[in-house]
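Engineer: With this note's numbering applied, the sequence shown covers 3 to 130.
Idealized CB from N, CA, C, for every residue including glycine.
Take this structure first; my questions come after.
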Amino acid sequence: MQSPTEAVSLLSELKSLGVWLSIDDFGTGYSSLSHLKRFPLDTLKIDQSFVEGLPDDDDNAAIAEAILAMAKKLKFQVVAEGVESEEQAAFLEGKGCHVLQGYHFGRPLPAGEFAALAAGSRREAEPA
(Lines of atoms letter the chains of each structure in order from A and count residues from 1; the text may use other names and numbers.)
(Lines give C-alpha, C1' and ligand atoms only; values in the text may rest on other atoms or scores of the structure.)
Protein backbone atom coordinates (compact mmCIF):
# COMPACT_ATOMS: atom_id res chain seq x y z
CA MET A 1 0.00 0.00 0.00
CA GLN A 2 1.69 3.18 -1.20
CA SER A 3 0.01 5.75 1.07
CA PRO A 4 -2.12 4.48 3.93
CA THR A 5 -3.51 7.98 4.53
CA GLU A 6 -4.76 8.21 0.93
CA ALA A 7 -6.13 4.68 1.15
CA VAL A 8 -8.08 5.49 4.33
CA SER A 9 -9.50 8.62 2.70
CA LEU A 10 -10.55 6.76 -0.45
CA LEU A 11 -12.02 3.83 1.48
CA SER A 12 -13.93 6.20 3.79
CA GLU A 13 -15.38 7.94 0.74
CA LEU A 14 -16.45 4.61 -0.76
CA LYS A 15 -18.02 3.56 2.54
CA SER A 16 -20.00 6.84 2.66
CA LEU A 17 -21.44 5.83 -0.73
CA GLY A 18 -22.70 2.57 0.74
CA VAL A 19 -19.91 0.29 -0.45
CA TRP A 20 -19.11 -2.58 1.93
CA LEU A 21 -15.40 -3.10 2.47
CA SER A 22 -13.70 -6.42 3.18
CA ILE A 23 -10.26 -7.77 3.90
CA ASP A 24 -9.82 -10.84 1.72
CA ASP A 25 -7.65 -13.81 2.77
CA PHE A 26 -7.46 -12.50 6.33
CA GLY A 27 -4.48 -13.89 8.21
CA THR A 28 -2.27 -14.36 5.15
CA GLY A 29 -0.11 -12.18 2.94
CA TYR A 30 -0.46 -8.46 3.48
CA SER A 31 -3.58 -8.50 5.65
CA SER A 32 -2.58 -7.15 9.01
CA LEU A 33 -4.20 -6.62 12.39
CA SER A 34 -3.32 -2.93 12.09
CA HIS A 35 -5.67 -2.72 9.08
CA LEU A 36 -8.59 -3.57 11.36
CA LYS A 37 -8.16 -0.29 13.23
CA ARG A 38 -6.96 1.86 10.38
CA PHE A 39 -9.43 1.08 7.61
CA PRO A 40 -13.24 1.47 7.66
CA LEU A 41 -14.01 -2.21 7.14
CA ASP A 42 -17.22 -4.23 7.31
CA THR A 43 -16.13 -7.79 6.61
CA LEU A 44 -13.24 -10.18 7.17
CA LYS A 45 -12.83 -13.14 4.85
CA ILE A 46 -11.13 -16.08 6.56
CA ASP A 47 -8.63 -17.57 4.14
CA GLN A 48 -9.39 -21.11 3.01
CA SER A 49 -6.03 -22.27 4.39
CA PHE A 50 -7.55 -21.85 7.88
CA VAL A 51 -10.79 -23.64 6.91
CA GLU A 52 -8.94 -26.64 5.50
CA GLY A 53 -9.09 -29.61 7.85
CA LEU A 54 -11.81 -28.19 10.11
CA PRO A 55 -13.10 -29.26 12.53
CA ASP A 56 -10.37 -31.87 13.17
CA ASP A 57 -7.30 -29.66 12.64
CA ASP A 58 -6.80 -28.20 16.13
CA ASP A 59 -4.50 -25.40 14.96
CA ASN A 60 -6.88 -24.21 12.24
CA ALA A 61 -9.81 -24.54 14.64
CA ALA A 62 -8.03 -22.30 17.15
CA ILE A 63 -7.18 -19.73 14.47
CA ALA A 64 -10.72 -19.70 13.04
CA GLU A 65 -12.22 -19.36 16.53
CA ALA A 66 -9.85 -16.50 17.37
CA ILE A 67 -10.67 -14.64 14.14
CA LEU A 68 -14.41 -15.10 14.74
CA ALA A 69 -14.17 -13.93 18.37
CA MET A 70 -12.13 -10.88 17.39
CA ALA A 71 -14.48 -10.04 14.52
CA LYS A 72 -17.47 -10.24 16.84
CA LYS A 73 -15.87 -7.79 19.29
CA LEU A 74 -15.03 -5.43 16.41
CA LYS A 75 -18.53 -5.81 14.91
CA PHE A 76 -17.32 -7.22 11.58
CA GLN A 77 -19.20 -9.69 9.42
CA VAL A 78 -17.16 -12.81 8.65
CA VAL A 79 -17.01 -14.85 5.45
CA ALA A 80 -15.25 -18.23 5.47
CA GLU A 81 -13.73 -19.23 2.14
CA GLY A 82 -13.13 -22.76 0.92
CA VAL A 83 -15.88 -24.61 2.80
CA GLU A 84 -15.95 -28.10 1.29
CA SER A 85 -17.91 -30.22 3.78
CA GLU A 86 -20.97 -30.21 6.01
CA GLU A 87 -18.65 -30.66 9.01
CA GLN A 88 -16.75 -27.48 8.16
CA ALA A 89 -19.99 -25.59 7.59
CA ALA A 90 -21.47 -26.76 10.91
CA PHE A 91 -18.29 -25.89 12.82
CA LEU A 92 -18.07 -22.37 11.36
CA GLU A 93 -21.79 -21.64 11.75
CA GLY A 94 -21.61 -22.90 15.33
CA LYS A 95 -18.79 -20.46 16.04
CA GLY A 96 -20.77 -17.52 14.62
CA CYS A 97 -19.53 -17.24 11.05
CA HIS A 98 -22.01 -15.17 9.01
CA VAL A 99 -21.36 -16.32 5.44
CA LEU A 100 -19.85 -19.51 4.05
CA GLN A 101 -18.59 -20.05 0.53
CA GLY A 102 -16.98 -22.96 -1.20
CA TYR A 103 -17.48 -26.16 -3.16
CA HIS A 104 -19.79 -27.56 -0.47
CA PHE A 105 -22.44 -25.18 -1.80
CA GLY A 106 -21.64 -25.35 -5.49
CA ARG A 107 -18.90 -25.41 -8.08
CA PRO A 108 -18.14 -22.50 -10.41
CA LEU A 109 -20.41 -22.52 -13.46
CA PRO A 110 -20.21 -21.05 -16.95
CA ALA A 111 -22.41 -17.94 -17.25
CA GLY A 112 -25.15 -19.71 -19.24
CA GLU A 113 -25.47 -22.54 -16.71
CA PHE A 114 -25.55 -20.06 -13.83
CA ALA A 115 -28.30 -18.03 -15.51
CA ALA A 116 -30.41 -21.19 -15.95
CA LEU A 117 -29.82 -22.21 -12.32
CA ALA A 118 -30.72 -18.74 -11.04
CA ALA A 119 -33.86 -18.62 -13.20
CA GLY A 120 -34.95 -22.02 -11.85
CA SER A 121 -34.33 -20.89 -8.27
CA ARG A 122 -36.36 -17.76 -8.85
CA ARG A 123 -39.33 -19.77 -10.16
CA GLU A 124 -39.18 -22.09 -7.13
CA ALA A 125 -39.23 -19.10 -4.77
CA GLU A 126 -42.26 -17.46 -6.39
CA PRO A 127 -45.61 -18.02 -4.67
CA ALA A 128 -47.96 -20.45 -6.41
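Between alanine 91 and isoleucine 65, what straight-line distance do the alpha-carbon atoms span, to the nearest angstrom?
Structural biologist: Roughly 16 angstroms separates the two Cα atoms.
Engineer: Rounded to a whole number of angstroms, what is the C-alpha to C-alpha distance between glycine 122 and phenylalanine 116?
Structural biologist: For glycine 122 and phenylalanine 116, the distance between alpha carbons rounds to 10 angstroms.
Engineer: According to DSSP, which residues form a beta bridge with threonine 45?
Structural biologist: Note: threonine 45 sits in a beta bridge opposite Ser24, Gln79.
Engineer: Measure the alpha-carbon distance for leucine 46 versus isoleucine 69 and round it to whole angstroms.
Structural biologist: Each residue's alpha carbon lies about 9 angstroms from the other.
Engineer: On the premise that histidine 106 lies in contact with glutamate 86, defined as a C-beta separation below 8 angstroms, what is that separation, rounded to the nearest angstrom?
Structural biologist: Going by Cβ atoms, the distance from glutamate 86 to histidine 106 rounds to 5 angstroms, so yes, they are a contact pair.
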